[in-house]
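Protein chains in written order, with numbering that gives the first Met the number 0: chain C, 0 to 286; chain S, 0 to 286; chain Z, 0 to 286; chain G, 0 to 286. Each residue gets a CB set at the ideal place from its N, CA and C atoms; glycine is no exception.
4 protein chains.
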Amino acid sequence: MCQIVPLPLGLWSGWYDMPMKSWRRKVHDLLEPGEQASPWEQLFDVLILLVILVSVSVVVLQSMPELAVYDPLFSKIEAFAVYFFSVEYLARLWTAPEIETYGGGWRGRLRYAFSLMALVDLAAILPFYLAAFADSNTVVFRLLRVFRLVRVLKFGRYHSSIGILGRVLLSRREELVVSVGLVLALVVITSTLMYAVEHDAQPKVFSSIPASMWWGVVTLTTVGYGDVYPVTAQGKVVAGISVLLGVGLFALPAGILAGGFSEELARSKREEGGKCCPHCGKSLSEE
Amino acid sequence: MCQIVPLPLGLWSGWYDMPMKSWRRKVHDLLEPGEQASPWEQLFDVLILLVILVSVSVVVLQSMPELAVYDPLFSKIEAFAVYFFSVEYLARLWTAPEIETYGGGWRGRLRYAFSLMALVDLAAILPFYLAAFADSNTVVFRLLRVFRLVRVLKFGRYHSSIGILGRVLLSRREELVVSVGLVLALVVITSTLMYAVEHDAQPKVFSSIPASMWWGVVTLTTVGYGDVYPVTAQGKVVAGISVLLGVGLFALPAGILAGGFSEELARSKREEGGKCCPHCGKSLSEE
Amino acid sequence: MCQIVPLPLGLWSGWYDMPMKSWRRKVHDLLEPGEQASPWEQLFDVLILLVILVSVSVVVLQSMPELAVYDPLFSKIEAFAVYFFSVEYLARLWTAPEIETYGGGWRGRLRYAFSLMALVDLAAILPFYLAAFADSNTVVFRLLRVFRLVRVLKFGRYHSSIGILGRVLLSRREELVVSVGLVLALVVITSTLMYAVEHDAQPKVFSSIPASMWWGVVTLTTVGYGDVYPVTAQGKVVAGISVLLGVGLFALPAGILAGGFSEELARSKREEGGKCCPHCGKSLSEE
Amino acid sequence: MCQIVPLPLGLWSGWYDMPMKSWRRKVHDLLEPGEQASPWEQLFDVLILLVILVSVSVVVLQSMPELAVYDPLFSKIEAFAVYFFSVEYLARLWTAPEIETYGGGWRGRLRYAFSLMALVDLAAILPFYLAAFADSNTVVFRLLRVFRLVRVLKFGRYHSSIGILGRVLLSRREELVVSVGLVLALVVITSTLMYAVEHDAQPKVFSSIPASMWWGVVTLTTVGYGDVYPVTAQGKVVAGISVLLGVGLFALPAGILAGGFSEELARSKREEGGKCCPHCGKSLSEE
């Protein structure tokens with residue numbers, strides 16, 4: 000099929016195509032709007048995204064001592080978000096049998112419960128319930144608070160970004176392993192060389208090879224904080240050559256990722272709309 | 000059409016093609032020289048660009064205390080530039096009906112007045128007139144002075160750069176949204192992790208998640224000022240892994256933008272001149 | 000040939016293809032598993048990789064004063080790794096005549112012994128034996144310890160990365176020489192200019208042109224530690240223009256390397272499997 | 000012509016092709032070896048490159064106070080290099096009429112004398128002769144010394160790099176002007192914004208818009224020395240957004256340059272060897 004379907008999301012078509020839907024099916028479609036989502040399903044989708052965004056913002060803002068005065072408000076928003084996510088989680092469990100890959104009945108629900116996205120959903124609400132048992136102002140309590148940020152990953156469900164990234168990592172895994180291997184080898188070799196030549200001049204900073212590696216990563220990624228740098232002439236020569244080499248090598252994984260990313264996006268675009276050969280009219284999309 | 004039209008801008012052709020132009024049309028052509036601009040129209044174009052350049056330079060130089068002695072000169076140049084831009088603005092308003100998209104008469108003028116470029120033109124002269132009402136040496140006065148720099152955007156009218164950038168952003172909006180989303184997610188997650196592991200060691204620097212985000216942006220873009228960096232071993236491990244990942248992810252939007260930019264420029268070149276097959280003489284441009 | 004051979008590494012085929020192998024051949028295949036490695040050969044391959052990894056980790060960890068208490072354990076692992084590598088080295092020498100390029104008999108062994116990979120293998124074990132003659136805590140002893148890290152290069156034998164990098168460097172040597180030449184010329188010219196304009200203001204930091212070059216490399220690679228930077232207005236202007244130019248020029252070798260790398264990987268993939276046209280079944284690989 | 004001529008530089012062919020060469024022609028060929036250089040011409044070429052390299056190294060090393068003891072040696076090498084370059088310069092002037100583009104006789108010589116490369120050659124020897132009139136240890140004397148480094152540009156004559164860079168800058172001038180314009184606009188706008196929001200908090204560092212621009216260039220190129228950075232919350236927000244945008248925009252000129260560079264190199268390679276259509280056998284190289 001290579002007809003150019005209009006991109007605007009076909010707001011009305013959802014209601015005519017499937018006239019007889021069970022309630023479970025309707026709830027499932029509300030939670031997982033497909034290509035032909037109805038306007039209500041799209042609206043609900045935006046609502047969930049909004050709750051995630053607000054909830055993540057609250058986690059971030061709650062960490063600011065200046066905003067401690069708003070803490071009661073934050074707590075209320077947090078509670079609302081967690082109840083919302085809890086209902087969403089249970090609804091997803093209930094409607095899991097609608098997804099073919101998991102199978103029907105309780106077995107399907109159990110299988111779904113251990114899928115990656117279901118675990119992320121659970122992780123997004125669990126800290127709230129666990130925090131009820133922890134004393135406030137303890138390390139555990141603070142870590143639980145921070146851990147709520149796992150909700151950022153819930154965006155992945157509503158946006159294709161994480162899926163695309165995953166497919167890029169998969170399709171380019173060979174190139175990435177090779178180039179990341181080269182990068183890591185350069186970090187290890189460079190850091191060891193710097194440890195050898197700078198240890199005597201700066202015994203505290205280049206105290207060991209792992210400590211040197213902090214210099215290596217910060218330098219070869221060109222971050223260059225300035226907390227660690229060579230002071231001896233031979234150290235500067237080694238660092239200079241390393242960083243000139245490093246700029247070239249560190250561009251490899253980034254370049255491979257960028258290339259794979261744009262290729263993957265072009266491919267998924269092609270699959271959506273299809274592209275016809277201008278001569279024979281046959282589809283040009285790769286199968 | 001794939002004839003190779005000579006690139007030099009066809010200085011003389013403008014006068015023959017349209018022998019009967021109204022005054023309004025002539026003024027409009029002076030302000031908006033098209034492909035077949037007459038030499039006078041081109042000269043006037045260069046003049047406006049020059050006034051913008053000088054006027055922007057004055058805003059920059061006027062901020063230097065060392066050059067306070069030249070302030071009277073700067074004020075005179077500024078006044079001339081503003082009067083020049085004011086006449087230009089009024090002339091553009093008057094000739095707006097010549098542009099088909101806005102329609103004729105006062106309705107067309109009103110519609111034009113609310114277009115982006117007209118608002119930029121207005122913003123370029125307004126601070127001068129408003130400053131007459133403000134006391135000098137107040138914050139408002141200084142902000143008004145700085146705001147005059149909006150004139151830099153007037154270049155966009157005389158140069159295709161902003162138009163091209165806009166089209167690139169539009170055509171690649173999907174890829175850019177996905178990759179910028181990934182970048183922001185990495186910043187938020189990384190900064191929160193760093194807040195969790197470094198807050199106890201550096202309670203002032205990593206005082207909250209937003210404060211941590213300053214570290215996140217400065218590090219993941221590889222700027223690395225050195226005002227904020229981890230000091231604990233676990234913080235350095237988290238930062239090292241983050242920045243190795245970040246170098247790859249942050250190259251995504253830049254790569255997509257660069258790819259779209261050169262593609263867009265190639266496309267606009269193709270449309271201008273066209274390219275013929277050297278053997279059969281048929282157009283090679285994609286359509 | 001463009002049949003899609005299954006990627007999983009053909010675990011069983013090795014035993015049927017060559018029913019009559021000499022012991023020397025068998026040992027050689029164990030050390031150098033080809034495309035059609037048997038499961039035992041693959042297992043042994045993983046084992047060697049593991050020993051290299053553990054041995055490199057020990058070199059890194061042994062440099063940490065905090066882990067001095069584990070030194071006896073590290074020494075035992077180190078001794079085991081060296082004996083393992085020694086046996087491997089001797090076995091490789093013994094089986095060298097199986098590799099056609101070196102020729103048979105002792106002449107082949109001698110030629111093999113002076114090949115790059117054999118020298119790396121020797122360098123990986125030599126420091127251990129030499130250290131027996133050196134007093135501990137001397138500089139020589141420490142350097143010998145660090146030199147053991149040359150084992151990282153042994154990975155190159157078991158992974159295609161170094162081979163690919165080598166071929167990229169070879170195929171793009173012309174472009175790389177030109178672009179690296181431009182980069183070095185920019186470093187020299189920029190550093191000399193900075194020496195000329197900043198020497199009077201910072202006689203200690205910009206003490207000579209080579210000292211200036213440390214600034215040049217750190218700045219033009221955008222590392223920017225912050226230990227050396229211009230303070231005078233003219234120095235900042237020179238540095239600003241240099242770094243704006245430098246960002247463009249320094250991306251050249253990285254871009255060429257990345258381009259060559261992905262091209263080389265695509266080429267080696269094509270050669271392995273080939274790609275058929277889905278319609279006519281003919282090979283689509285370039286030849 | 001699209002036969003694949005062997006790349007090795009055809010050492011012997013030079014003597015047979017032109018059996019009757021005048022002395023002026025012979026000297027000219029020695030100085031400007033073409034595609035079919037004789038071995039002696041190539042040897043002389045390497046000799047000149049060596050003298051340039053040594054002479055540039057002497058300029059660099061002479062700036063080091065530690066090596067002041069070798070100054071007499073450096074002076075002798077310098078004198079030899081200058082005499083060598085002087086003879087080369089005069090020989091080039093004498094043989095200039097052999098180059099068709101300049102025309103014959105003294106008019107050709109005069110025209111050559113004002114060509115870019117001839118001026119570079121003159122600039123490489125002039126400081127030495129001028130320094131004889133200047134007192135040592137004066138600023139003029141030191142600047143003359145540093146100026147000798149212009150000899151680096153003489154490499155451009157013996158290597159295609161500068162020529163290629165020039166052609167890339169020419170062919171991509173439109174894209175480069177647009178993207179560099181965007182980069183400069185971002186620097187100006189960002190720096191002005193930072194001046195507005197940080198001037199009150201750091202009146203010394205962000206003292207004026209040009210001073211802010213130092214921050215802008217250092218930050219947007221991701222050098223990030225750490226001598227200038229925002230301290231206020233609003234300044235950090237502006238800087239964070241600027242640098243996220245800047246990473247994308249600053250990659251544009253670099254990407255365009257890298258793309259044009261590799262394209263130009265591919266084109267010049269094609270022209271040398273030629274590439275035939277596999278079907279009709281006609282040349283595919285662009286004319």
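Item, Value
"Sequence-distant residues of its chain with Cβ nearer than 7 Å to G/A238 (five each side left out)", "M193, T218, P229"
"From C/I76, C/L89, C/V139, residue whose alpha carbon lies closest to that of C/L52", "C/I76"
"Within-8 Å CB hit, C/A130 to chain S", "no"
"The alpha helix (DSSP H) enclosing C/V50, as first and last residue numbers", "38 to 61"
"Rounded separation between S/L121 and S/Y82 - CA only", "12 Å"
"7 Å Cβ shell around G/A112 - same chain, five flanking residues per side excluded", "L92"
"Span separating the alpha-carbon of C/G102 from that of Z/E262", "43 Å"
"Residue environment, S/D70, which counts as buried when at least 16 other CB atoms sit within 10 Å", "exposed"
"Cβ-heavy atom distance, S/L49 to the ligand COA, below 7 Å", "Judged by which ligands are present, the structure shown has none, so any question about the ligand COA falls away."
"Any C-beta of chain Z under 8 Å from that of C/A195", "yes"
"Chain-ordered neighbours of C/Y224 on chain S, where CB pairs are closer than 7 Å", "G223, G225, Y228"
"Coil, strand or helix - S/K153 by DSSP", "helix"
"Reference C/L185; option with closest CA among C/L143, C/G247, C/L29", "C/G247"
"Nearest-angstrom Cα separation, counted from Z/V26 out to Z/R108", "15 Å"
"Cβ pair Z/S54, Z/R166 closer than 8 Å", "no"
"Burial state of G/T100 (16 or more Cβ within 10 Å)", "exposed"
"Reference C/L89, options C/L118, C/G258, C/F260, C/E65, closest by Cα", "C/L118"
"Neighbour list for Z/S62 in chain C, Cβ cutoff strictly below 9 Å", "T191, Y194, H198, S206, S207, I208, P209, A210, S211"
"Rounded Cβ spacing between Z/L129 and Z/P252 (contact assumed at less than 8 Å)", "Contact flag wrong, Cβ pair sits at about 37 Å."
"6 Å CB neighbourhood of Z/S241 in its chain, flanking five on each side removed", "T189"
"CA-to-CA distance, G/D199 to Z/G234, given in whole angstroms", "26 Å"
"Neighbouring residues, chain C, relative to Z/I163 (Cβ below 8 Å)", "V177"
"C-alpha gap between S/L42 and S/T94, whole angstroms", "19 Å"
"Span of the alpha helix (DSSP H), counted from its first residue to its last, around Z/S211", "208 to 219"
"Neighbourhood of G/R266 by C-beta, 6 Å cutoff - its chain only, sequence neighbours within 5 removed", "none"
"Under 7 Å by beta carbon: chain C residues contacting Z/A253", "V246, G247, A250"
"Alpha carbon of G/S170 to alpha carbon of Z/W213, nearest angstrom", "34 Å"
"Contacts of Z/K235 in chain G (Cβ-Cβ under 7 Å)", "W213"
"Cβ distance (whole Å) where C/S62 is taken to contact S/I208 below 8 Å", "4 Å"
"Neighbouring residues, chain G, relative to S/L256 (Cβ below 9 Å)", "G247, L248, A250, L251, G254"
"S/G107: first and last residue of the uninterrupted alpha helix (DSSP H) it sits in", "104 to 112"
"Option in G/E97, G/S74, G/F249 with minimal Cα separation from G/S21", "G/E97"
"With 16 other Cβ atoms within 10 Å as the buried cut-off, status of Z/G104", "exposed"
"With 16 other Cβ atoms within 10 Å as the buried cut-off, status of G/F205", "buried"
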